[in-house]
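The listed protein sequences derive, respectively, from chains A and B. Numbering-wise (numbering that gives the first Met the number 0), the first sequence opens with residue 0 and increments by one. Numbering-wise (numbering that gives the first Met the number 0), the second sequence opens with residue 0 and increments by one.
2 protein chains.
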Amino acid sequence: MRFELTKDFLDILRQKIAEQEILWIQENVLVLHFADVAEILDKLSNEEAKFIYFLVDEDTQADILMELDEDVRDRFLASLTIKEIADQLENLDSNDAADILGELSEDKIQEVISQMDDDEAAEDIVDLLNYDEDTAGGLMQKEFLQAHIDWPVNRTIVELRKQAEDVEKVYNIFVVDDSNRLLGVLSLKRLLFSNVKTKIADLYQSKNIISVNTSDSAEEVAAVMEKYDLVSVPVVDYQNKLVGRITLDDIVDFIKEEADKDFQLATGITEPIERDASIWRVARARLPWLIIGLLGGTLGAKVISGFEGSITQIPALAFFIPLITAMGGNVGVQSSAIVVQSLARGTKDFGNIFHKLLREAAVGLFNGVLLASIIFVIAYFFGNAQLGFVVSISLFTVIIFAAVIGTLIPLVLNHYKIDPALATGPFITTLNDVTGLFIYFTIGMLLYGL
Amino acid sequence: MRFELTKDFLDILRQKIAEQEILWIQENVLVLHFADVAEILDKLSNEEAKFIYFLVDEDTQADILMELDEDVRDRFLASLTIKEIADQLENLDSNDAADILGELSEDKIQEVISQMDDDEAAEDIVDLLNYDEDTAGGLMQKEFLQAHIDWPVNRTIVELRKQAEDVEKVYNIFVVDDSNRLLGVLSLKRLLFSNVKTKIADLYQSKNIISVNTSDSAEEVAAVMEKYDLVSVPVVDYQNKLVGRITLDDIVDFIKEEADKDFQLATGITEPIERDASIWRVARARLPWLIIGLLGGTLGAKVISGFEGSITQIPALAFFIPLITAMGGNVGVQSSAIVVQSLARGTKDFGNIFHKLLREAAVGLFNGVLLASIIFVIAYFFGNAQLGFVVSISLFTVIIFAAVIGTLIPLVLNHYKIDPALATGPFITTLNDVTGLFIYFTIGMLLYGL
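Structure below.
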């Protein structure tokens, strides 16, 4: 039932395109779901993709365009004329059109807009371009259904039929007053099952209406939609006037992107990588993290070389180097991950930084005492009680230190509007490696009296 | 506009509950959105929560119950009688009821079901309990709207009105034949704007209908809904008979849980932690990872102690211990993260394992040569060309080795139905630390001729 793209299919298709066998393409490609057509176009050359794209009807073109891989889409759009781009934008939802337009240069944006025939659509897009893309204003679309509170059901259906032409997915109708202020929400289901003479005022839900403001962050929108189980949320301006709506599918994309980004930063892959990317691109994406690791390792070598004398006298000190660095890194990443996750959830009542730090220090204290006790016994058997004391006191100090650093850095990054997830990556580990080594060897020198 | 829960509000509420001031509670709590009421109940004691809960009307009770924190809900349900639980289940969507019931013991499930008054609801729930919870069957709900292809619009509206009582969120109507086989989909919008005499057969969309099978995995369902931009997807059995539907909000929960789990495993937090969990619980959640790190560090110490003679003769060998372990860990985590992400996306055309390994080895080769060259120069300045060769050859070997291990382990875990995300955590890092150290000192011994 579901289409599966195979290499054989692609080979045949390429040949049919070369032979311009339009009939075959109509019967085998154009009948497919737009998402499947987009998947096929992703794999074709620009010229081949264009050949198929312009065989499709306009509405489906818009759907396909939004389903293409981002780099395929950019490449594809770059090969179109200004007029062709303008035509494509008119078929898109306003938020999608604004996203695509936002990728172009100032000059090109102007040109494309001036070439659009549908003034209303152009105006909507220009309006959306004013909002920051990570806010509700930047996420919302201008296509939604609205009904006046005084309309009866039959008039509402007539009016909505006009509005509905542009609106692809309908979940709710927003109810407004004369000044376009949001008063409530009416489900399509309720409308469908009502008497045609009933007034909207008697049908709609006005209690506990959840809306977001244009300036709310994308994280807040995601949190609100999740908390209140919403499929679409109305967007209002500062005067509570209805200006747009955000649907759950757009937020799902946002949630997935954010989660992927956090995971990638935590595991050292700095740019999103397609499954079939070239080896060179994959290698390049991983290099920044590795180079930071290399520099951290070099700094670590510098620290240890400063204690060369200690190692010559007590070689057993070298045994526990990996343990100290690994534990500092682990604790640091754990502490920062907790903070990053809280921040990503848009937690507002985050408590003050000092409270957070105290908590992490307490957790560090608890785990530090436990782990230090275990390692004392182990180090004792590797050497003697003296080695046991050096390793366990160092480990304890490093754990507390790493917990505090791990908590502090993402909070500081967030304060300066830098993505706090950066902290779960190489910075914390490298920083903790170097400070951990310094703490370890200093304590070693002191306790051994070197 | 949106409710913000404060400590002051909670303090007053607790007092009002103690004084049984029902009027105050009605005016200040029961008027709130159910998600806000749930947020309040999460913070109250079981007795306080029950007092408020049973003041609420039945439909809202169900909404509140599903919004409670999982441990609060478990505690809450445990304090109810069998009959009370049975009553609560009747108000829930079938999938939610089955989830809750699934948490109870076999015996208690039997008892609860026998106490349910609504036989149809009980039957639906029992049916859903048969499916594995991570499949489409386990995720689907029995509440959906369906229309027969031969009905005209007016009869459809009458029939749907009956069905719609139990269906909270309506997006689409599924169209079936006499044998209940899925033929297509009809949007509520289309139905609303159609002539009452028109037959469903002339209205519905039959091309490219996307459905999932009861046995499809949750990952597959998420991938299908995302690819085809669906808000709800019909679930069919092996005879293509319509048996349920899955809505996007349920899948969003699944996507978020999976992403959180992967992030937590990658950063060493083994159980999901609430923001206000006790310090003891937070500490305990992080211990497993740290203990594995401790054992890994001990193994590392064991390896290094085996080469104590080498360190005594060439102390500079100790300088680069942190670099070797850090780089092995980094490369391993990167490789495993890529595999984990591909697997999480439900990628089916994953290519064979051998191809994947070759690719990772090639990436490792590229980055290995580059990083080894850099470290040669650095190590040369720390010591001499001999140290440069030891460190750079070791680093190169460790990088290739870590890339292969990092790719292989999640694939093997996945093959044995163990969550592959486990691999991005401590196992890879610890394994790579130990093997890396062994490689490093062995190469050191060989090149220095010790």
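Note that beta-carbon positions come from the ideal geometry of N, C-alpha and C, so glycine has one too.
Mind listing the chain A neighbours of residue i? Cutoff is C-beta to C-beta under 8 Å, in chain order.
i	result
residue 60/B	Under the 8 Å cutoff, chain A gives no residues; its nearest Cβ is about 15 Å from residue 60/B.
In chain B, which residues lie with their C-beta within 8 Å of the C-beta of residue i?
i	result
residue 260/A	Per Cβ cutoff of 8 Å: no residues; residue 260/A is ~10 Å from chain B at best.
residue 288/A	329 and 333
residue 304/A	315, 318 and 381
residue 365/A	278, 279 and 282
residue 141/A	Within chain B, no residue comes near residue 141/A; the closest Cβ sits about 18 Å away, beyond 8 Å.
residue 151/A	Here the premise fails: no neighbours, minimum Cβ distance about 15 Å.
Give me, in chain order, the residues of the same chain whose beta-carbon lies closer than 8 Å to that of residue i; leave out the 5 immediate sequence neighbours on both sides.
i	result
residue 422/A	335, 338, 339, 405, 408, 409 and 412
residue 449/A	308, 309, 312, 313 and 443
residue 349/A	Bear in mind that the predicted position of residue 349/A carries a pLDDT of just 48, short of 50, making it too unreliable to give a figure here.
residue 4/B	35, 38, 39 and 42
Check the Cβ of residue i against every Cβ in chain A and list those closer than 7 Å, keeping chain order.
i	result
residue 226/B	34
residue 160/B	192
residue 207/B	31 and 32
Run through DSSP, which three-state label would residue i get?
i	result
residue 365/A	helix
residue 16/A	helix
residue 206/B	coil
residue 348/B	In this prediction, residue 348/B has a pLDDT of 48, which is less than 50 and means its spatial position is unreliable; what the coordinates show is noted afterwards. Coil at residue 348/B, not helix or strand.
residue 8/A	helix
residue 470/A	Outside the shown range of chain A, which is 0 to 449, sits residue 470/A, and nothing can be said about it.
residue 72/B	helix
residue 454/B	Residue coverage of chain B in this structure runs from 0 to 449, which leaves residue 454/B outside it and unanswerable.
residue 197/B	coil
residue 262/B	helix
residue 142/A	coil
residue 306/B	coil
residue 32/A	coil
residue 323/B	helix
residue 173/A	strand
residue 441/B	helix
residue 329/A	helix
residue 268/B	coil
residue 431/A	helix
residue 184/A	strand
residue 240/B	strand
residue 233/B	strand
residue 245/B	strand
residue 134/A	strand
residue 277/B	coil
residue 104/A	coil
residue 211/A	strand
Given residue i, which residues of its chain have a CB within under 6 Å of its CB, disregarding the five upstream and five downstream residues?
i	result
residue 295/A	429 and 432
residue 152/A	193, 195 and 197
residue 347/A	Residue confidence for residue 347/A is low, a pLDDT of 49 falling below 50, so the modelled location carries little weight; the figure read from the coordinates is stated next. So no residue of the chain qualifies.
residue 306/B	440
residue 80/A	none
residue 78/A	45
Give me, in chain order, the residues of the same chain whose beta-carbon lies closer than 7 Å to that of residue i; leave out the 5 immediate sequence neighbours on both sides.
i	result
residue 33/B	59, 62, 63 and 66
residue 239/A	180 and 181
residue 323/A	393, 394, 397, 435, 436 and 439
What residues of chain B sit near residue i, judged by a beta carbon separation below 9 Å?
i	result
residue 267/A	329, 330, 332, 333 and 336
residue 307/A	314, 315, 317 and 318
residue 217/A	By Cβ distance, chain B contributes nothing, its closest Cβ being about 15 Å from residue 217/A, past 9 Å.
Quick one: which chain B residues come within Cβ less than 7 Å of residue i?
i	result
residue 292/A	325, 326 and 329
Could you tell me which chain A residues have their CB closer than 9 Å to the CB of residue i, listed as they occur along the chain?
i	result
residue 145/B	What residue 145/B touches in chain A: nothing, since even the nearest Cβ is about 14 Å away.
residue 450/B	For chain B, the structure presents residues 0 to 449; residue 450/B sits outside this window and is missing.
Does the count of Cβ pairs from the segment 114-126 of chain B and the segment 227-238 of chain B closer than 8 Å reach three? no
Cβ pair count under 8 Å reaching 3, the segment 210-222 of chain A against the segment 143-151 of chain A: No, they do not touch.
Can at least three beta-carbon pairs, one atom from the segment 180-197 of chain A and one from the segment 159-170 of chain B, be found at a separation below 8 Å? yes
How do the segment 10-21 of chain B and the segment 43-53 of chain B stand: do at least 3 beta-carbon pairs fall below 8 Å, yes or no? yes
Could you name the residues of the segment 159-185 of chain B whose beta carbon sits closer than 7 Å to any beta carbon of chain A, in the order they occur along the chain? Per Cβ criterion, the list reads 160, 163, 168, 169 and 170.
Short-range partners of chain A found in the segment 415-440 of chain B, where Cβ spacing is below 8 Å: Going along the segment 415-440 of chain B in chain order, one finds 423, 425, 428, 429, 432 and 436 with a Cβ nearer than 8 Å to chain A.
Contact between the segment 275-285 of chain A and the segment 206-214 of chain A: three or more CB pairs below 8 Å? Note that the segment 275-285 of chain A does not touch the segment 206-214 of chain A; fewer than 3 beta-carbon pairs, one per stretch, sit closer than 8 Å.
Proximal residues, the segment 241-257 of chain B versus chain A, C-beta separation under 9 Å: 246, 247, 248, 250, 251, 252, 254, 255 and 257
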